[in-house]
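Asker:
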Amino acid sequence: MEDKERLMQEVIRQVLARLGTEGANGAGTSQFGFDSVDAAVAACEKAQKSWQWDFSLAQRIRIVNGLREDLLQEDCIEEVSRLALEETGMGRLDDKILKKRLAVEKTPGPEYFTTRAISGDHGLVLEELSPFGVIASIAPSTNPVASVYNNTICMIAGGNGVVFAPHPGAVKCSLRAVELVTRSLAKQGAPEGLVVTLTQPSMENLKALMTHRTVRLIAATGGPGVVKAALSSGKPAIGAGPGNPPVVVDETADIRKAALDVILGCSFDNNLPCIAEKELFVVNCVADELKKHMLDQGAFELKEPDLVKRLQELVLNPDHSVNRSMVGKSAPYYLEKLGIKVGANVRVVLVETTEDHPFVQEELLMPILPLVRVADFDEALCASLRAEHGFRHSAAIHSTNITHMSRMARAMETTIFTKNAPSFASIGVGGDCPTAFTIATTTGQGPTTPLSFCRTRRCVLAGAFRII
Ligand code: NAD
């Protein structure tokens, strides 16, 4: 296409977008929600082709920056955060707001790409990252909106389009998040249909989406079921599965700081993030001191065996699987169910127990933190390896012993390993790293970036373009 013609089309597109494109989902917004899988994929395919071929890198950067600006509007962030809290009944409003900000501000965009060039006696080789095309993104109920924002930016940054499949327990907030994305993209002049969502999150629709011939990549974020389904679909898939992150505190740690970091990490959004501290192994000689500092800084210890048993019956089913209706509540909520009233400053229910307790071995996704005393660092490491169950997801340590830190980091082989900070430092809160809400543990892409959703293509020119 000639440059002039392309410019003209861009101007027309932007003028139409500013006038407001009316779609089936309401005035001023292009259509973003589809009952039919075929219709959603068709709309996305058309838009993605245009996005890939008609939009320059500079245009993509401008549009993604505009999207960030719109999504960061205070009222939008608060609205979707409240909606997610009300609909799912899980998490904390302040942390939900923080998660959305994080996803919008710290997810890398189109500027993240670089070209690899190899020149030699035989000429020049270029390797560039190219979009897959239409991506099916399946989001969890625990981070529904943050996943939509994070995945949208990552995926469109690389030239892809996205069809979201919301979790059945988080349809309203997910649809609203996609609507806000779509509205902003339309305003910036992006092609209509680039980011869409299914409105009916049935298993039948999910299967139809995952096996749709036009879908080129699946990004599945959730428990083992969805990751297995994605990997069995016959398509390339990014599997971001469950974890059960242990945290170790050894005798060399700054104990007071470790206590606060563990409480903050474990209680972040009521423990919903997959990276959040789920069980604590502490070296015996500092266990009492650690507990004292934890109790001073937001933990409540549940001591009586009868109450611990009642808590277990409340949050776990008889087969020790998690009672989903109890996921992501606040510490005062669980305690109140046991007849104990505490203030909102209590963020974590601490239960001292043994390694074999289901609170240690199950991924609770609740601010209920089992504490297990161990004789020394070696015992802590062995117990951490067992409790992590080989998910290779996340783990943490508080220590000033470099050998301990290195040994644990090496032995755990987790995708994320955090030292001397709350686990959320690993997704950019008070840390320098980019944010990811799809942490591809199972398939190995790690904390995802725009690069994770693209494929490498090589172009070889023989005999020329070597300049030295
Ligand atoms: P979930 O597995 O219940 O749901 C995730 C999505 O998968 C939903 O859209 C659901 O409809 C779909 N799904 C569930 N079972 C399926 C199946 N058998 N076939 C096809 N689709 C299926 O997850 P959840 O409870 O909402 O989220 C919590 C889980 O997700 C935890 O285990 C947590 O560790 C994990 N998680 C992982 C990451 C990560 O980046 N690795 C991020 C967030 C959450």
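One gets my numbering by counting positions in the sequence shown from 1 and adding 753 to each. Don't be surprised by glycine CBs; every beta carbon is placed ideally from N, CA and C. Quantities reported herein were computed from a predicted structural model and do not represent experimental measurements.
Quick check on glycine 844: buried or exposed, where buried means 16 or more other Cβ atoms within 10 Å of its Cβ?
Answerer: The residue in question, glycine 844, is buried, as its Cβ has 16 or more Cβ neighbours within 10 Å.
Asker: What does DSSP give as the partner residue(s) for glycine 786 in the beta ladder?
Answerer: Its beta-bridge partners are Thr950.
Asker: For glycine 1018, tell me which candidate among Lys1010, Asn1098, Ala1029 has the shortest Cα-Cα distance.
Answerer: For glycine 1018, the nearest C-alpha among the options comes from Ala1029.
Asker: For alanine 770, count neighbouring Cβ atoms within 10 angstroms of its own Cβ and tell me buried if that reaches 16, exposed if not.
Answerer: Any reading at alanine 770 is ruled out, since the residue's pLDDT is 40, under 50, leaving its predicted position unreliable.
Asker: Between leucine 1055 and leucine 1069, is the Cβ-Cβ spacing less than 9 Å?
Answerer: For leucine 1055 and leucine 1069, no; Cβs fall outside 9 Å.
Asker: So, with DSSP's three-state summary, where would you put proline 1123?
Answerer: The answer is strand: DSSP assigns proline 1123 an E or B state.
Asker: With distances taken Cα to Cα, identify the nearest neighbour of valine 891 among Ser955, Ala1136, Val1213.
Answerer: Here residue 891 turns out to be isoleucine, not valine, going by the sequence shown. Answer by Cα proximity: Ser955.
Asker: Could you pull out every unbroken beta strand (DSSP E) segment of at least 3 residues lying fully inside the segment 942-1020, listed in chain order?
Answerer: Counting whole runs of 3 or more residues, the segment 942-1020 contains the beta strand (DSSP E) stretches 948-951, 968-974, 990-993, 999-1002.
Asker: Per DSSP, valine 915 is paired with what?
Answerer: Ile888, Val948.
Asker: Measure the C-alpha to C-alpha separation of valine 948 and threonine 974 and round it to an integer number of angstroms.
Answerer: Taking the straight line from one Cα to the other gives about 17 Å.
Asker: Are the CB atoms of glycine 942 and glutamate 798 nearer to each other than 9 Å?
Answerer: Not closer than 9 Å, so no.
Asker: Which word fits glycine 1096, buried or exposed, when buried means at least 16 other C-beta atoms lie within 10 angstroms of its C-beta?
Answerer: Result: exposed.
Asker: Does DSSP classify arginine 821 as helix, strand or coil?
Answerer: Arginine 821: helix per DSSP, three-state reduction.
Asker: Looking at the structure shown, is leucine 1043 part of a helix, part of a strand, or coil, going by DSSP?
Answerer: Leucine 1043: helix per DSSP, three-state reduction.
Asker: Would you tell me roughly how many angstroms separate the C-alpha atoms of proline 1026 and valine 1001, rounded to the nearest one?
Answerer: Each residue's Cα considered, the two are about 18 Å apart.
Asker: To which residues of the same chain is alanine 1217 closer than 8 Å at the C-beta, ignoring the five residues directly before and after it?
Answerer: Here the set comprises Gly876, Leu877.
Asker: For alanine 918, which residues from the same chain have a beta carbon less than 8 Å from its beta carbon, with the 5 sequence-adjacent residues on both sides left out?
Answerer: Taken in chain order, the residues that qualify are Ala889, Ser890, Ile891, Ala892, Thr950, Leu951, Pro954, Asn958, Leu959, Leu962.
Asker: Using a Cβ-Cβ cutoff of less than 7 Å, which residues in the same chain neighbour threonine 1171 once the five nearest sequence positions on both sides are dropped?
Answerer: Here the set comprises Ala1149, Ala1178, Ser1179.
Asker: To which residues of the same chain is glycine 776 closer than 8 Å at the C-beta, ignoring the five residues directly before and after it?
Answerer: Legend: pLDDT at glycine 776 = 36, less than 50; position of this residue unreliable, value from coordinates given subsequently. So the list reads Thr782, Ser783, Gln784, Phe785, Glu945, once near-sequence residues are dropped.
Asker: Relative to the ligand NAD, is the shortest distance from any of its heavy atoms to the C-beta of isoleucine 891 smaller than 8 Å?
Answerer: It does: the Cβ of isoleucine 891 is within 8 Å (strictly closer) of some heavy atom of the ligand NAD.
Asker: Residues in its own chain within less than 6 Å of alanine 1003 by CB, not counting five upstream and five downstream?
Answerer: Sequence inspection shows aspartate at residue 1003; the alanine mentioned does not correspond to that position. Correct list, in chain order: Val1036, Phe1130, Ser1152, His1157.
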